[in-house]
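> Pasting a structure here, questions to come.
2 protein chains.
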Amino acid sequence: MQINILLYDRMTALDAVGPYEVLSRVPGADVLFVGERAGPVRTDTGHLSLVADASLADAPAADVVLVPGGYAPPLTPGPIHEWLRAADAASTWTTSVCVGSLILGAAGLLEGRRATSHWIALDRLADYGALATEERVVFDGKYVTAAGVSAGIDMALTLLARMTAPEAAMAVQLGIEYDPRPPFEAGSPATAPAEIVAYLRANRDTIVKLPGMS
Amino acid sequence: MQINILLYDRMTALDAVGPYEVLSRVPGADVLFVGERAGPVRTDTGHLSLVADASLADAPAADVVLVPGGYAPPLTPGPIHEWLRAADAASTWTTSVCVGSLILGAAGLLEGRRATSHWIALDRLADYGALATEERVVFDGKYVTAAGVSAGIDMALTLLARMTAPEAAMAVQLGIEYDPRPPFEAGSPATAPAEIVAYLRANRDTIVKLPGMS
Numbered sequence: 022m023q024i025n026i027l028l029y030d031r032m033t034a035l036d037a038v039g040p041y042e043v044l045s046r047v048p049g050a051d052v053l054f055v056g057e058r059a060g061p062v063r064t065d066t067g068h069l070s071l072v073a074d075a076s077l078a079d080a081p082a083a084d085v086v087l088v089p090g091g092y093a094p095p096l097t098p099g100p101i102h103e104w105l106r107a108a109d110a111a112s113t114w115t116t117s118v119c120v121g122s123l124i125l126g127a128a129g130l131l132e133g134r135r136a137t138s139h140w141i142a143l144d145r146l147a148d149y150g151a152l153a154t155e156e157r158v159v160f161d162g163k164y165v166t167a168a169g170v171s172a173g174i175d176m177a178l179t180l181l182a183r184m185t186a187p188e189a190a191m192a193v194q195l196g197i198e199y200d201p202r203p204p205f206e207a208g209s210p211a212t213a214p215a216e217i218v219a220y221l222r223a224n225r226d227t228i229v230k231l232p233g234m235s
Numbered sequence: 022m023q024i025n026i027l028l029y030d031r032m033t034a035l036d037a038v039g040p041y042e043v044l045s046r047v048p049g050a051d052v053l054f055v056g057e058r059a060g061p062v063r064t065d066t067g068h069l070s071l072v073a074d075a076s077l078a079d080a081p082a083a084d085v086v087l088v089p090g091g092y093a094p095p096l097t098p099g100p101i102h103e104w105l106r107a108a109d110a111a112s113t114w115t116t117s118v119c120v121g122s123l124i125l126g127a128a129g130l131l132e133g134r135r136a137t138s139h140w141i142a143l144d145r146l147a148d149y150g151a152l153a154t155e156e157r158v159v160f161d162g163k164y165v166t167a168a169g170v171s172a173g174i175d176m177a178l179t180l181l182a183r184m185t186a187p188e189a190a191m192a193v194q195l196g197i198e199y200d201p202r203p204p205f206e207a208g209s210p211a212t213a214p215a216e217i218v219a220y221l222r223a224n225r226d227t228i229v230k231l232p233g234m235s
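Chains A and B supply the protein sequences, listed in that same order.
Residues 22 to 235 in the numbering used here are what the first sequence spells out, letter by letter.
Residues 22 to 235 in the numbering used here are what the second sequence spells out, letter by letter.
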């Protein structure tokens with residue numbers, strides 16, 4: 022099984038590494054990180070680089086293509102969109118995490134499809150003809166989209182169960198001890214305090230200070 | 022706030038990237054990935070390199086030191102242990118994810134302390150005089166240890182709330198949409214099917230095939 026994960030400048034590391042941690046544990050899976058150029062790619066907060074082991078041109082066809090989100094997702098036509106269309110034509114599953122779904126949409130791949138995204142960007146899916154769907158993981162045919170950042174872990178486990186067997190996904194889930202205990206009920210706009218939701222909506226592009234911090 | 026995250030060969034990517042994704046969202050936080058040498062470090066499944074931006078010798082003192090787990094954690098005396106003892110002497114919080122706690126223990130930092138680890142390695146904490154504690158996140162003074170792999174996200178959010186304010190941690194939790202929906206009740210040995218637990222115990226070092234896969 023070949024799994025290609027796209028890297029690009031200012032992407033969100035956990036969007037890629039969550040699903041990677043799940044899918045790379047499948048024996049025989051070959052996970053390849055692919056960038057416009059091979060080499061280090063800086064992630065969104067500026068403190069971590071992930072290494073692309075192949076350029077777009079050198080990446081082999083993949084069974085699973087995964088597109089992470091980021092602070093400045095590539096939404097204008099260019100080599101990444103061309104690569105995505107070709108990768109999608111050969112894939113069994115085309116997947117995204119967070120605003121990675123906007124990239125899939127901008128590449129023309131989500132027309133008329135149900136899809137999700139980071140909650141703060143969900144309304145932008147309609148710009149690309151996709152049907153915004155407020156769920157954590159959305160399957161529509163071969164297209165699988167996950168909500169914001171951490172949702173990639175849930176997406177990858179769900180996908181793994183479909184691709185192989187529920188027992189395999191359970192073994193990976195136990196292997197990464199994914200028995201989450203979030204310290205607050207604040208992980209979605211439906212459960213977080215209204216003032217926290219309002220704060221993030223008002224500061225969606227540049228959060229320079231977190232609530233409660235002096 | 023200076024946060025240093027240790028990288029070493031065959032470490033587990035999500036152990037580092039989960040907490041990084043939380044802590045790097047704190048405005049003003051400087052997160053530095055530190056390796057024995059600066060440069061790419063290969064993670065455990067062999068498909069991803071994270072980049073160490075500083076060597077042990079070049080890393081500044083940090084408020085938070087974080088030690089991830091891995092397939093071959095450095096448990097014998099050497100430069101990493103020496104660095105950890107010096108880093109711990111200067112830190113406000115010394116933390117670990119997964120079998121990172123065994124590294125802290127091997128460096129002599131958990132003597133008589135309550136600590137946790139990956140469920141499959143919990144019994145090994147006693148080798149280092151630590152008191153194995155079956156909880157997802159364990160605080161003992163300035164020492165904070167998390168259970169396996171994905172538990173680093175819960176640890177980092179809990180730590181962030183203590184370091185700043187609960188509202189700040191809630192904002193980050195909402196920012197990474199951490200509203201987990203694991204597809205199975207399989208994330209801990211207490212909830213996973215007994216045969217899955219037995220399978221992982223029997224294959225703890227080399228999993229060449231997952232249950233349910235042909």
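Idealized CB from N, CA, C, for every residue including glycine.
1. According to DSSP, simplified to helix, strand and coil, what is ALA37(B)?
2. Taking C-alpha atoms, which residue in ALA50(A), ALA93(A), ALA190(A) lies nearest to THR66(B)?
3. From this set, ILE217(B), LYS163(B), ASP30(B), which residue's C-alpha is nearest ALA108(B)'s C-alpha?
4. What is the DSSP secondary structure of GLU216(B), counted as helix, strand or coil?
5. Taking THR116(B) as the query, report the chain A residues whose CB atoms sit under 8 Å from its CB, ordered along the chain.
6. Going by DSSP, which residues form a beta bridge with TRP114(B)?
7. Closer than 7 Å between beta carbons: that is the criterion. Which residues of the region 68–94 of chain A meet it against chain B?
8. Name the chain B residues whose beta carbon is nearer than 7 Å to that of TRP140(A)?
9. With a threshold of 6 Å on Cβ separation, who are the neighbours of LEU143(B) within its own chain once the five nearest residues in sequence on each side are excluded?
10. In the structure shown, what three-state DSSP assignment does LEU146(A) receive?
11. For ILE228(A), which three-state DSSP category applies?
12. Shortest alpha-carbon distance to GLY56(B) belongs to which of PRO40(B), ALA83(B), ASP200(B), ILE26(B)?
13. Should ASP74(A) go down as buried or exposed, given a rule of 16 or more other Cβ atoms within 10 Å for buried?
14. Give the secondary structure of GLY91(B) by DSSP, where H, G and I count as helix, E and B as strand, and everything else as coil.
15. Taking the C-alpha atoms as reference points, what is the distance between PRO40(A) and SER117(B)?
16. Under three-state DSSP, which class holds LEU28(B)?
17. With DSSP as the reference, please indicate the residues paired to VAL165(B) in a beta bridge.
18. Can you tell me where the alpha helix (DSSP H) with SER70(A) in it begins and where it stops?
19. Who are the neighbours of ASP11(B) on chain A, taking C-beta pairs under 7 Å?
20. Okay, do the region 197–217 of chain B and the region 194–213 of chain A touch, 3+ Cβ pairs below 8 Å being the bar?
21. I believe VAL85(A) touches SER112(A) by the beta-carbon criterion, under 8 Å. Please report the beta-carbon distance rounded to the nearest angstrom.
22. On the CB-based measure, 16 or more other CB atoms within 10 Å of its CB, does ALA136(A) come out buried or exposed?
23. On the premise that ARG157(A) lies in contact with ALA167(A), defined as a C-beta separation below 8 Å, what is that separation, rounded to the nearest angstrom?
24. Below 6 Å CB to CB, which residues in the same chain sit around VAL72(A) once its five sequence neighbours on both sides are set aside?
25. Of all the options THR33(A), PRO203(A), PHE205(A), LEU77(A), which has the alpha carbon lying nearest to the alpha carbon of ALA59(A)?
26. Of all Cβ atoms in chain A, is any one closer than 8 Å to the Cβ of ILE124(B)?
In terms of the structure at hand:
1. helix
2. ALA50(A)
3. LYS163(B)
4. helix
5. Neighbours of THR116(B) on chain A: none; closest Cβ ~15 Å, over 8 Å.
6. VAL85(B)
7. HIS68, LEU69, SER70, LEU71, VAL72
8. GLU198
9. ALA153
10. helix
11. Legend: pLDDT at ILE228(A) = 48, less than 50; position of this residue unreliable, value from coordinates given subsequently. ILE228(A) falls in the coil class under three-state DSSP.
12. ILE26(B)
13. buried
14. strand
15. 21 Å
16. coil
17. THR116(B), PHE160(B)
18. It is not in any alpha helix (DSSP H) - SER70(A) instead sits in the beta strand (DSSP E) that spans 70–73.
19. Past the edges of chain B, shown from 22 to 235, lies residue 11(B), and the structure says nothing about it.
20. yes
21. 7 Å
22. buried
23. 7 Å
24. PRO61
25. LEU77(A)
26. no
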